[in-house]
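In this note's numbering, the protein residues as written are 17 to 549.
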């Protein structure tokens, strides 16, 4: 799936960035990014996993900051890099601890050492090490409290967004925890941390997605929410169920989210913007765009029978069985999942109403005119068609037995359908016929709070960044004026002492003194001669 999505992204990139003078560098970075993700997926050694993990972080910085002439793109790239690096401190410490306890970097050896009855350390130590790994995963996957960097990453080109959100970086944490699931399932503290963080994230991100003025940022917040859903399955799954429900939702999310991002990239070329104001009715530009957008949103909402619906139902079943089985965070996660289903259907309906509004389109803006053609190449259309087909029939992968998951009952399907109908119905009833800019009524305050991510960026800047910068200024002042002052003072003192010493040696003697000395020498010489005679 990683290779399939990357191939679709590269095909789209060739059309989307055909006039970009750094197209070759972008394509090369995408290829390296894809290789790093595939290394994480296939590696059976934690050192190789760590290498792929860190390479993805570097590549995301390059892709997000591709349009480096924009201040907003540079800031978003810095932010993504710094936030994920901070979280990676925990990830590296956790991996090092697991490797040290197992005495090997091999994944199988680590699992055998830490999942059996004779572990290298106490259960508390095991939970602490897994909790450190979970912290790294939360940062890389943009989960609470690290969620704010991913929506800002929309400053990068749309193909980069499609790759990061669909098949690589944010999904890497799910892969790593799925590989370590035989150990994670015995680490109750780490599972509680993962469950609470994902429950808060999935509901909060879905609520923020509902209020976005930019549809690309709406998709970004939906990614944060959907990744929380797949990670929550790892927090609640029993040992018998295993990690496959999370992996199945990760697989389905890669399909429909890449479809949605590439479609919005196409429509943004036509409209000249990703703002809901500009995209109203943009889906009428081409029948494939309209169909792709519709089925992508159906899968996002979790409609039955499409790929997203089937995978989400199994995550719900996993949370339910975890809640009634081993307890733990299952009850909290299950409640959050049910609320998230409603909210997801609401913002999916809103996005559908905006893009497919039956209004006459104005002429494309200047930004759209800059592109040679608003119609993608045949290769791009073929890639979108393939992703659309996979979104519709991809759920049939269940029949192949690729994922070992329990089949959801018809009651869960009916419950999911009811919740989707409630969310979609609320958005439908709340649409505004008097506002031609959007299909959902939002107050100015709601819009501002949603667009700013509830002010988390400002809070982090004031509570963390500003104090750290202030402390850095104090340290720099002390280093410059105190520590360096002693050094400079010592050097100046030595210089002054040398000057005085040099002065004593090199100053010219007075002429009277010279005469007296000469006279004394003559007298001494005469006395010596007379005495000798």
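Where a beta carbon is used, it is the ideal one built from N, C-alpha and C, also for glycine. Predicted, not measured: the structure shown is a model, and the values here were computed from it.
Would residue i pass as a contact of residue j if the rule is Cβ separation under 8 Å?
| i | j | result |
| --- | --- | --- |
| residue 42 | residue 177 | no |
| residue 55 | residue 64 | yes |
| residue 115 | residue 62 | yes |
| residue 100 | residue 73 | yes |
| residue 211 | residue 252 | yes |
| residue 305 | residue 312 | no |
| residue 236 | residue 161 | no |
| residue 344 | residue 208 | yes |
| residue 91 | residue 84 | no |
| residue 301 | residue 275 | no |
| residue 53 | residue 184 | yes |
| residue 441 | residue 373 | no |
| residue 250 | residue 314 | no |
| residue 164 | residue 60 | no |
| residue 259 | residue 197 | yes |
| residue 307 | residue 432 | no |
| residue 31 | residue 286 | no |
Check residue i in the structure and name its three-state DSSP category.
| i | result |
| --- | --- |
| residue 148 | helix |
| residue 33 | coil |
| residue 164 | coil |
| residue 430 | helix |
| residue 312 | helix |
| residue 134 | coil |
| residue 291 | strand |
| residue 341 | coil |
| residue 122 | strand |
| residue 128 | helix |
Please report the distance separating the alpha-carbon of residue i from that of residue j.
| i | j | result |
| --- | --- | --- |
| residue 10 | residue 445 | Shown here, the chain extends from 17 to 549; a query on residue 10 therefore has no answer. |
| residue 323 | residue 182 | 14 Å |
| residue 22 | residue 46 | 8 Å |
| residue 427 | residue 188 | 32 Å |
| residue 288 | residue 136 | 58 Å |
| residue 133 | residue 145 | 17 Å |
| residue 409 | residue 402 | 11 Å |
| residue 199 | residue 157 | 20 Å |
| residue 50 | residue 262 | 21 Å |
| residue 291 | residue 493 | 45 Å |
| residue 439 | residue 430 | 14 Å |
| residue 334 | residue 485 | 45 Å |
| residue 255 | residue 273 | 29 Å |
| residue 326 | residue 488 | 51 Å |
| residue 186 | residue 154 | 9 Å |
| residue 242 | residue 38 | 32 Å |
| residue 257 | residue 331 | 11 Å |
| residue 513 | residue 501 | 18 Å |
| residue 281 | residue 504 | 59 Å |
| residue 384 | residue 35 | Reliability of the predicted coordinates at residue 384 is poor, the pLDDT of 41 falling under 50, and no value is obtained from them. |
| residue 28 | residue 71 | 23 Å |
| residue 399 | residue 239 | 21 Å |
| residue 234 | residue 97 | 22 Å |
| residue 550 | residue 370 | Nothing can be reported for residue 550: it is not among the residues displayed for the chain, which extend from 17 to 549. |
| residue 543 | residue 508 | 50 Å |
| residue 541 | residue 547 | 10 Å |
| residue 437 | residue 40 | 45 Å |
| residue 201 | residue 265 | 19 Å |
| residue 190 | residue 341 | 23 Å |
| residue 531 | residue 537 | 10 Å |
| residue 310 | residue 79 | 28 Å |
| residue 222 | residue 368 | 16 Å |
Leaving aside the five residues before and after residue i along the sequence, list all residues of the same chain whose C-beta is less than 6 Å from its C-beta, in chain order.
| i | result |
| --- | --- |
| residue 219 | 352, 355 and 356 |
| residue 328 | 318 |
| residue 203 | 142, 143 and 146 |
| residue 406 | 271 |
| residue 25 | 175, 178 and 179 |
Any heavy atom of the ligand GTP closer than 7 Å to the Cβ of residue i?
| i | result |
| --- | --- |
| residue 209 | The ligand GTP is not part of the structure shown, which contains no ligands of any sort. |
Spatial neighbours of residue i within its chain, please: C-beta separation below 8 Å, excluding the five flanking residues on both sides.
| i | result |
| --- | --- |
| residue 348 | 211, 212 and 215 |
| residue 230 | 170, 290, 291, 292 and 467 |
| residue 58 | none |
Enumerate in chain order the residues of its own chain whose CB-to-CB distance from residue i is below 7 Å, with the five nearest sequence positions on each side excluded.
| i | result |
| --- | --- |
| residue 358 | 435, 438 and 439 |
Problem set entry | Cβ contact check for the region 229-247 and the region 262-280: 3 or more pairs under 8 Å | yes
Problem set entry | Inter-stretch contact (C-beta, 8 Å, three-pair minimum) for the region 106-114 and the region 149-156 | Result yes; three or more Cβ-Cβ pairs closer than 8 Å.
Exercise. Would you call the region 114-121 and the region 167-177 touching, i.e. three or more CB-CB distances under 8 Å?
Worked result: no
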